[in-house]
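Right, one structure below, let's go through it.
In the working numbering, the protein residues as written are 2 to 167.
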């Protein structure tokens with residue numbers, strides 16, 4: 002068994018692709034008093050650490066396009082205020098625009114919640130697609146205890162803050 006200990010540290014990572022296929026453009030990790038053992042990987046933290054994950058609209062659009070392959074084309078996403086705004090062409094060949102809010106459930110899952118859809122006839126299609134996509138990326142599993150504390154749109158980025166360990 003291999004072991005490593007860390008009193009404190011911080012890391013800034015770019016272009017991290019998560020197992021579900023979402024590219025996190027910036028990942029900032031801060032923590033202390035961490036012990037890690039492998040194999041299998043086990044991480045323990047004596048005090049909480051923090052992770053900030055930042056995703057651009059382009060990376061989120063690429064993820065949604067891949068997840069909805071065959072159902073949506075020309076996917077574009079804007080991150081405005083507290084909304085994720087998706088524009089795409091639905092498989093029924095009509096342009097669609099939808100606005101979503103983000104919701105955290107039990108500190109482990111992130112859901113898109115439909116707030117508005119145009120044209121109105123697209124709403125049932127979008128709601129059905131949401132049932133397939135939610136929670137985004139499934140239930141997140143990390144080798145350390147964590148809680149998603151915040152997720153928001155800011156300056157063209159989707160920003161998530163997590164408490165880890167401790």
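All residues carry an ideal CB built from backbone N, CA and C; glycine is no exception. Computed from a predicted model, the values in this text were never measured in an experiment.
Between which two residues does the beta strand (DSSP E) harbouring residue 31 extend? That run of the beta strand (DSSP E) goes 24–39.
Between the segment 137–145 and the segment 69–87, do three or more beta carbon pairs fall short of 8 angstroms? Judged by Cβ distances under 8 angstroms, the segment 137–145 makes no contact with the segment 69–87, as fewer than three pairs qualify.
For residue 64 versus residue 124, is the C-beta spacing smaller than 9 angstroms? Not a contact, by the Cβ cut-off of 9 angstroms.
If you pair each beta-carbon of the segment 28–36 with each one of the segment 46–57, do three or more pairs fall below 8 angstroms? Verdict: yes, contact present.
With distance defined between alpha-carbon atoms, name the residue in 128, 119, 161 nearest to residue 149. Minimum Cα distance to residue 149 is reached at 161.
Note the first and the last residue of the continuous alpha helix (DSSP H) segment covering residue 59. Segment 58–68, the alpha helix (DSSP H) holding residue 59.
Using only alpha-carbon positions, find the residue among 42, 21, 83 that is nearest to residue 3. Shortest Cα-Cα distance from residue 3 to any of 42, 21, 83 involves 42.
Inter-residue Cα distance where the pair is residue 95 and residue 76: Using only the alpha carbons, I get a separation of about 13 angstroms.
Span separating the alpha-carbon of residue 165 from that of residue 122: Taking the straight line from one Cα to the other gives about 42 angstroms.
Only counting the same chain, and skipping five residues up and downstream in sequence, which positions put a Cβ closer than 7 angstroms to that of residue 135? The beta carbon of residue 135 is closer than 7 angstroms to those of 112, 113 in its chain, skipping five residues each way along the sequence.
Could you tell me the distance, in whole angstroms, from the CA atom of residue 74 to the CA atom of residue 19? Residue 74 and residue 19 have their alpha carbons spaced roughly 23 angstroms apart.
Return helix, strand or coil for residue 95, following the three-state DSSP convention. In the displayed model, residue 95 falls within coil according to three-state DSSP, outside both helix and strand.
Bridge partner(s) assigned by DSSP for residue 153: Answer is 160, bridged to residue 153.
Look at the alpha carbon of residue 28 and the alpha carbon of residue 109, and state the distance between them as a whole number of angstroms. Going from the Cα of residue 28 to the Cα of residue 109 covers about 17 angstroms.
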